[in-house]
Structures are given as structure tokens and as C-alpha cells.
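J.: Okay, handing you the structure first.
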Amino acid sequence: MTAYLIRRLFAAMMLLLVVSAVTFAIFFLVPRLGGQSIDELAVQYVGKDANPDSVAAVKKNLGLDQPLIVQYYDFIKAIFVGAEYKFGPDASKCDAPCFGYSFRSHIEVWPEITQRIPVTLSLAVGAAVLWVISGVTIGVVSALKRGSFIDRLAMAVALLGVSLPIFFTGLLGLALFTSQWPIWESVDYIPITEDPGEWFWNLIIPWCSLAFLYSALYARLTRAGMLETMGEDYIRTARAKGLRESKVVVKHGLRAALTPIVTIFGMDFGLLVGGAIITEQVFSLQGMGAYAVQAVKDSDLPIVMGVTLVAAFFIVFCNLIVDLLYAAIDPRVRYS
Amino acid sequence: MKTKKVSAVLATALALALTASACGDSDDGDGDNNNKNGKKAAADAALESIVNPSSKKGGTVTFEHSDVPDSLDPGNNYYGWVQNFSRLYGRSLVSFKPAAGAEGLELVPDLAESLGQPSADAKTWTYKLRKGVKFEDGTEVTSKDVKYAVERSNFAPEALSNGPTYFKAYLEGGDKYKGPYKDKNPEGIASIQTPDDHTIVFKLAKPFADFDYLATFNQTMPVPRAKDKGAAYVQNIVSSGPYKFESYNEGRSAVLVRNDQWDKSTDPIRPALPDRIEIKFKVNPTTVDQHLLNDRITVDAAGTGVQSKNQPKVLKASEKDQTDNPYAGALSYLAISTKVAPFDNIECRKAVQYAVDKASVQQALGGDTKGDVASTMLPPSVNGYAKFDMYATDGNKGDEAKAKEHLAACKQPNGFTTNLSARADRPDEIAMATAIKASLEKVGIKAEIKQFPSGKYFTNFAGNPSYVHEHKLGLMMTAWGADWPTGFGFLDQIVNGAAIKPSGGNNIQELDDPKVNQGLSDGIGMTDAAERTKKWGEVDKLVMETASAVPLIYRKNLLYRPDSAANVTVTQAYLGMYDYLLISTNKN
């Protein structure tokens, strides 16, 4: 088990390194291959009044005049050992993990990321709890009452959920519940440390909108899995042994049907923590997704790198957890 | 099929909900949009008067913005709205009078006791600072803090590159000084002198009679050297105005509270009514408009008005009284390259002047709420505007006969083909270009529209003469707003031969006309304000005589004032947005 974990962690590190290299290449190498000079790259980080002097100063200070490989090495090195930068009268120290300074505002990137993670995490966790509970429940009920009115209704709603994008349901939710029937004043993110009640209250609409989208998929997956497992021989055996139906369904049926759900959940959740881009835009939440969009728009490379790596980390991490969970769910899986 | 129906139902519900919210009653609370005499303010009331006047102190004024500022650091920004907003926490040497209508373009001393005292040649400018003005930490503001602020904002592009660099361009030795971050000599630049703590003298390399306008830039808001952290100063800005930062979250929000060191007796221009000012960034633009209509926020900080798609909603009878439709201080125009054949011949340029159907351009843009048909380079809201129309056509619809006459004089009687550039991500500009293309076609000029990304429009394409020549961009769509609202501030960058740059310039027609250049340099040497202002109208005529640009539209914004917003007036000094120094709230 330990050896397995070490192997996985090592692989994860390598993967993150590859992700960083690819991201770096997309934002720095590709424009150059496309024929952009360093000056043309640098000019986008100078304000409206770009002149040769300011472009040269910015180019030098951001290290854009260095060979690409050196820039990449410096970036990776700073993550582990920190770095020093000078964007003012005195040099300032950026401690590890240092993701550098924004090319535009010259503000340190890592503290900005850490301030935005709780927003996205709050959004993702709340929505995930909602969609897993509702999705799996609906799926199980539908499977057990296959063909009934409840099944049909649930699947119709599920289809609706999958088909309606978040920028529709989210805006609809906002229009209905902050304007038409103003139950909420507006949706603001209040840190949970500041006021847990307000935190919860303000996130209800975003959670429900997101959960509506995802639970639909989970309901359909659960239903399909349940239909399959409930027809298996061992379910008949379990029933024949005289087990209570609830036990048959939950312990024997659902447990086996859960494996694909957990897999996809790991992916979905990791992706969402990496940045619920559209949801954050719709609800004006200042999380990782909104930060990433702004950074890409600004070609603010250190931020793009930082956000991408953190997002990739969450995805890799969630997948690792999922793989470990397999062992707990499915007795056939053992790691060595 | 089923889902389609359901979606349709939901879509209808959404539409209904949005409309319902838009016309939601505004009779809650005491915040009716009334003038003191109880009369309901009409549409455009804030153009010439202060709507909903109030002297009530207290409350929280809330701003929202769909984007982020370039920086709230007074030494590191260029956006007009930040110039307007930063006056809440900083005092520049000079400012614009917080007043309604044309009065809003008047200069008033702010940190200085009076406007600048120029030397006879307009090359030396002296300001006396008011006594008793303090930073939020209680230390007195001195002329050295102003000098330092100018140095860091103009001479340290390695850390603060967002702002304009007019001081660097005009100060003596401005091209040599390396800035306070590199040049550690505490004496700083020699051409800004501080003979005592309350006197500051600027020595310029050439006459510059608009200097008081430069002194309105927030770059002259004092910054204490000891507190300057360069780029990170934005996180701990030291206030010299009535409000100071309680919190600042990069790219997300900021909260301003009263600065107890601010003394009203030193500050004749700021009423400072609200107790608290909150601003949020990156709010979904739809949400910003909705919050305005629902009276949940006081102002949309951007000051560019309601989004196009929501304009019909606020122009309905029930809401129209709460809208203002001011000039945005900007001109959309068609630049004609003087270097691309056949436009190197003035007759061909004149043909375009007459051929363009400006009425159709205005229609394409969305009608008169988007702007008025233009005939001059200077918009009416700029000091020095003089009304004239050198290439007048009936109903602004263009004149095919006259255009053809000039085509014949240009030896192109059957027309020719050329290229017309526009910014791909600006639908307004594309729409106008399409209308122009259609009207040019009527006289035989075939223009092919070429689209470019706006981020690189001036550096790589239209503003890059070698690209323009090589790819024969004869006609180029563009727009311009002045950095300060005078004829010189507006024209110098777009028509002066000296403003032609190998890349990133704004004189994209490459106009280098000796009469225009001379007019500009004569005018800026005149210390008599009335004479100088008159000169700009003449320069405008000289520019139009070259036929190198077709003024299309004086752009307008459609602003909305919520019920609770008090002391609302449009300031032409800041591109036709509301005056953020005056605005207060009726809410508690």
C-alpha cells in the first residue's frame, strides 16, 4: 500500500510538471512560433501609453528577455525555493511556494490564489453534497420503480437538468429569487469563518443550480448501474437468504453500482474545484475560475500557470482518493 | 420535443421575470428621484443640473464594475473612471469643479491654493500647496510628496506602467531621469523643484499652457516616499482625501471609510456626504444593470452606461425619467491614410468625405442614444469645440454627385478598390464599417473590410505604418477620447505629425501637415485661456481641410440613476460619467 502511494505521488508530480510545461508552451512558445517578437509580447503588459522605454523596462523586469528555458526553470525553481523580485523601491521576497508575480499588477500570485480557493471550494463542496445525495437517491428510486410514473418523471427532470446549461439555470434562479420573489438580496460570498449562516444562505442558489446540472447525470448513471446489478445472481442469493430488502438494495445493489459513480465524481469534483468557470461568472463569485478567465484574457502567465497547476493538483488528488476508495467499495480491488 | 417545450416555458418565465424586475415599483423607502421642490427629475436632468440634491450625511454609496481597474494606485492608472473615483481618497494639485453642465469642465485648485502660476513663456509652473492638509496617518502633506508622486508615476515603468507619461514628455530632462526606484538619489528629478514644503515648481522643456490639466491627473496626488512599496502600494494606499481604505482585495473589491485626518476647511470642493464607499469588481454585467434597476447599488463605476441589450428596458416610459444620455467625450471616426494610394491625393479623401452616409452609420450603431452625427474632430463636450461642417450633405446622407466630382478630380472617375480595417471584437465598429462600405460602393469605391483584434490594433495593424502601407489599409475605423478635455488634449495625439509612431501610435492617418502642427504648437504656448480655447476650433478646421479623417459619431452613453442616488450629475471632465465626488445616497 505504501509503495503504491509513493508510486502514485511520484507519478502525480511528474504529471504536474508536464502540465506546467504544456501550459508554459501554449502561452509563451506558441505565440513566438506564430511570429510574435518579444517586444510584441511585452507590450501587452504595459498600459495604454506604451513607449519603447516602458516596453524595454517591462521586458527586462519580467525576465521576458531571457531564453524560454531559463524563464521556465526560474518559474519552477521559485515554486520550491522562492525568489526575489523588484517592483518598487526595494526588492521583495516571495517565499515558497512562489508562483511569481502577476505580469500586469505585479502582485504576488500565490496569496491571491489561496484567497480564492475557499470560494471555489465552498461552491464545489456544497453542490457536490447536494448532487450526490439527490442524484443517487433519485437513481435508486427510479431503478426500483422502473417504468413507473416516478421513474419517468425523474428521468424527464434529469434530462432537463443535463440539457440546461448553468448560464441559463443560474440566471433564471437569480431572476426568480433575487428579483421576482426577492428571497435573497443578492448572491454574495461571505467567508464561512466570518458568518457560517450567511455563507450557507448566500450559496444556496449557486449550489442548487450546479447540483441540478450534475445530479441529473448521476441519477441516470445510478439508475443504469442499479438496473444491472439488481439483476445479478448474487442479489437473488441475498434475497433467498432472507435479507431485508433495504439491506439488499443498499449493501449489495448500490455498493456495486457505486464504482463508476465514484470514478466520475472524482473527475467532476476535481474539475469543479479547479474552477467552476461559468458558475462563478454567472454569480459574480471571485473564485479560481473567474481568476483564471481574467488571467487568460490578460495573458497573465504566472497566474495562468498558478491556477492551472492548482487545478491540476486537485484533479490528480481527487483521482488518487477515488482509486483508494475503490478498495473500500469493491472487495475485489486490492492495492499492493 | 418535451424538453424543447419545457425550455420554452422556462425561457418565457425568465423573460417575464427580467421584465418584471425591470419595472418593479420604486416606491419603497423615501428615495424617490425628486428634486427638492418635489418635482420628478426628467430624462437627461443630470446633464444640466444636480438631480436629487441632498445635504444628508451618512449611508453607504455602492459601486459595481463588470471589470477590474487598471489599478487604484493613483500613480498607475489611465482609466477615466479611476481618475474620477480616486479623488475620493486623494487630492491632486488641481481638479475639475464638481458641478453640473459646462461648469464641470472648469478647473479649480484642490491640493493647491490656486491654479498654477505660469511664466510668460508657459514653461515654468508654480503651485502653492494649502496648509494643514494631512495624510491619513496625520503627517502633513508637503510639496515633496507631490514631487515623489509624479516621479514614481512617470518614471518607473518597470513597476508602474499603466499611466500616461505626459510629465515625462514635458518636463526638462524627462528623457534622462531613471525614476525613484532606480536612481536612489533622494533629490529626484531636477526640473521639479520644492523650494519649501508648500511650493512646487515644474520646469518644462517646451511651452505647455494646458499644464493645469496635467495637474488634475491623479499622478499629482501626494504619495509619502516612506510608504511607497512600488507595485504593492495599491494594497496600502495612503489617503489624502476624505476617505481611506478599510480593505482592498486585488481584483475583487475595496471599501473606503471616513479619513478622520481630512479637514473640511482645507477642502472647498468635496461635500463628502456618505460615511462609507464600497466597490466590487468583476460583477456579471447583467447583474450590474439589474442591481441598478432594483436600486441595490448606487452607481455602475465604469460610467459607460447600461449594456446595449438592456437599453430598451430603461428607455421605456416608466424608467426613462431616470436615464441620462450624455456625450462620452469620444469621437468615432474613419481615418484615411494619407500614405496609401490613391488617398495620398486629397481629392480622393474628399470623395470619401462626401460619399459616407453618416445617417446610416448612426442607424447601424443603434440610433441617437448611441451618439450624434459628427462633423468636427472635437466633440461638443471638449473645451475648444466650434461647430462647423466642412463637408455638409443633405440630412447627413452623403452626396454622391459631389463625391463623384472629387473622384474625377482624383483621376479615379470609376472608383477603385481599397481596404477598410475595424476591430473584430467591437460589434459597434463592425456595424459602422459595414454601413460605410455600403455608402462607398454607391460611388464606385469598393472597400473590403479587414478585421483585427483590438488588443493589437494599434501596435501591429492600423497603428503600425509599415503594416498599413504593405497591406494597403486606406481606410481605418477608430475612436478617440481625450486624456484631458481640451482641444489640445484631444487633437495632439491623433493629428500632430510628431505623434506618428512606428507602432502603437494614434495618428494612424499619418497626417503631418505643417499648418496643423504649427497651430497646435502655437495654441499650447498661449497662456490666455480664452485665446487658447478659440485656437483649438481653428486647428480643428485645419484638420478637416486635410480631409484625412471623417468624423462619424460623437459617442454617447446611456446612464441610469437609481432612486436612492442623490446629488447625481454628469461630469464632462470625466468622459460623461457621473461625478463620483458629489454622489451620495438616500439609503441609510
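Sequences listed follow chains A and B, in order.
For the first sequence, the residue numbers in the UniProt record's numbering are 1 to 336.
For the second sequence, the residue numbers in the UniProt record's numbering are 1 to 588.
In this text, a Cβ means the ideal position worked out from N, Cα and C, and glycines have one as well.
1) Does Asp30 of chain B come out as helix, strand or coil in the three-state DSSP assignment?
2) Taking buried to mean at least 16 other C-beta atoms within 10 Å of its own C-beta, is Val248 of chain A buried or exposed?
3) Could you check which residue in B:Ile50, B:Ser54 and B:Gly58 has the C-alpha nearest to that of Asn588 of chain B?
4) Helix, strand or coil for residue 600 of chain B, going by three-state DSSP, please let me know.
5) Verify whether the separation of the beta carbon atoms of Ala435 of chain B and Ala403 of chain B is less than 8 angstroms.
6) Considering only DSSP beta bridges, list what Tyr85 of chain A is partnered with.
7) Assess, as a yes-or-no matter, whether the segment 224-233 of chain B is touched by the segment 189-199 of chain B under the definition of 3 or more beta carbon pairs within less than 8 angstroms.
8) Buried or exposed, going by whether 16 or more other CB atoms sit within 10 Å of the CB of Pro157 of chain B?
9) Would a C-beta distance cut-off of 8 angstroms place Leu111 of chain B and Leu93 of chain B closer than the cut-off?
10) Using only the alpha-carbon positions, how far apart do Phe212 of chain A and Ala154 of chain A sit?
11) Give me the Cα-Cα distance between Gly161 of chain A and Ser134 of chain A, rounded to the nearest whole angstrom.
12) Would you please verify whether the beta carbon of residue 660 of chain B is less than 8 angstroms from any beta carbon of chain A?
13) Which first and last residues belong to the beta strand (DSSP E) in which Thr194 of chain B is found?
14) Along the segment 173-188 of chain B, where does the CB come closer than 8 angstroms to a CB of chain A? Name the residues.
15) Name the one or two DSSP bridge partners that Thr323 of chain B has.
16) Cutting at 6 angstroms between CB atoms, please list the residues of its own chain near Val262 of chain A, excluding the five before and the five after it.
17) Going by DSSP, what residue range makes up the alpha helix (DSSP H) through Lys446 of chain B?
18) Between Val30 of chain A and Val22 of chain A, what straight-line distance do the alpha-carbon atoms span, to the nearest angstrom?
19) According to DSSP, simplified to helix, strand and coil, what is Val13 of chain A?
20) Could you check what DSSP says for Glu136 of chain B in three-state terms: helix, strand or coil?
21) Check whether the Cβ atoms of Leu107 of chain B and Ile200 of chain B lie closer than 8 angstroms to each other.
22) Taking buried to mean at least 16 other C-beta atoms within 10 Å of its own C-beta, is Ala482 of chain B buried or exposed?
23) What residues from the segment 72-99 of chain B come within 7 angstroms of chain A, judged by C-beta to C-beta, listed N to C?
24) Under 8 angstroms by Cβ, that's how I've got Arg258 of chain B and Thr60 of chain B pegged, so tell me the actual separation to the nearest angstrom.
25) Using a Cβ-Cβ distance under 8 angstroms, would Arg276 of chain B count as near chain A?
26) According to DSSP, simplified to helix, strand and coil, what is Met267 of chain A?
27) According to a CB-to-CB cut-off of less than 9 angstroms, which residues of the segment 243-268 of chain B neighbour chain A?
28) Looking at the C-beta of Ala290 of chain A, does it have a partner C-beta in chain B at a distance below 8 angstroms?
29) Using Cβ-Cβ distances below 9 angstroms, what residues of the segment 87-110 of chain A are close to chain B?
30) Between B:Thr585, B:Leu407, B:Pro453 and B:Cys410, which lies nearest to Ala422 of chain B when the distance is taken from Cα to Cα?
31) Under a three-way DSSP split, which group does Leu256 of chain B fall into?
32) On the CB-based measure, 16 or more other CB atoms within 10 Å of its CB, does Ser246 of chain A come out buried or exposed?
33) So, with DSSP's three-state summary, where would you put Thr571 of chain B?
34) Check whether the Cβ of Asp53 of chain A lies closer than 8 angstroms to any Cβ atom in chain B.
35) Around the Cβ of Val129 of chain A, are there at least 16 other Cβ atoms within 10 angstroms (buried) or fewer (exposed)?
36) In chain B, what lies closer than 8 angstroms to Ala257 of chain A by C-beta?
T.: Checking against the coordinates, here is how it stands:
1) Bear in mind that a pLDDT of 39 at Asp30 of chain B, under 50, signals an unreliable position, so the number given afterwards is only what the model happens to contain. In the structure shown, Asp30 of chain B adopts coil according to DSSP, grouped into three states.
2) buried
3) B:Gly58
4) Any question about residue 600 of chain B goes unanswered here, given that chain B covers just 1 to 588.
5) no
6) A:Ser92
7) no
8) buried
9) Taking a C-beta distance under 8 angstroms as the contact criterion, Leu111 of chain B and Leu93 of chain B qualify as a contact pair.
10) 12 angstroms
11) Cα-Cα distance, rounded: 12 angstroms.
12) With chain B represented from 1 up to 588, any question about residue 660 of chain B goes unanswered, as that position is not in the structure.
13) Ile192 to Asp196
14) Pro180 and Tyr181
15) B:Tyr560
16) Here the set comprises Val322 and Leu325.
17) Per DSSP, Lys446 of chain B belongs to no alpha helix (DSSP H); it is in the beta strand (DSSP E), Lys446 to Phe452.
18) 10 angstroms
19) For the record, residue 13 of chain A in the displayed sequence is Met; it is not Val. Three-state result, Met13 of chain A: helix.
20) When DSSP states are grouped into helix, strand and coil, Glu136 of chain B belongs to the coil group.
21) Contact flag unset, no.
22) buried
23) Tyr78
24) Actually they do not touch by this definition, with Cβ atoms about 12 angstroms apart.
25) no
26) helix
27) Asn249, Glu250, Gly251, Arg252 and Ser253
28) Taking Cβ atoms only, chain B reaches closer than 8 angstroms to Ala290 of chain A, which makes this a yes.
29) Phe87, Gly88, Pro89, Asp90, Ser92, Tyr101, Ser102, Arg104, Ser105, His106, Ile107 and Glu108
30) Among B:Thr585, B:Leu407, B:Pro453 and B:Cys410, the Cα nearest to that of Ala422 of chain B is on B:Pro453.
31) strand
32) exposed
33) strand
34) yes
35) exposed
36) The contacting residues do not exist; Ala257 of chain A stays about 26 angstroms from chain B at best.
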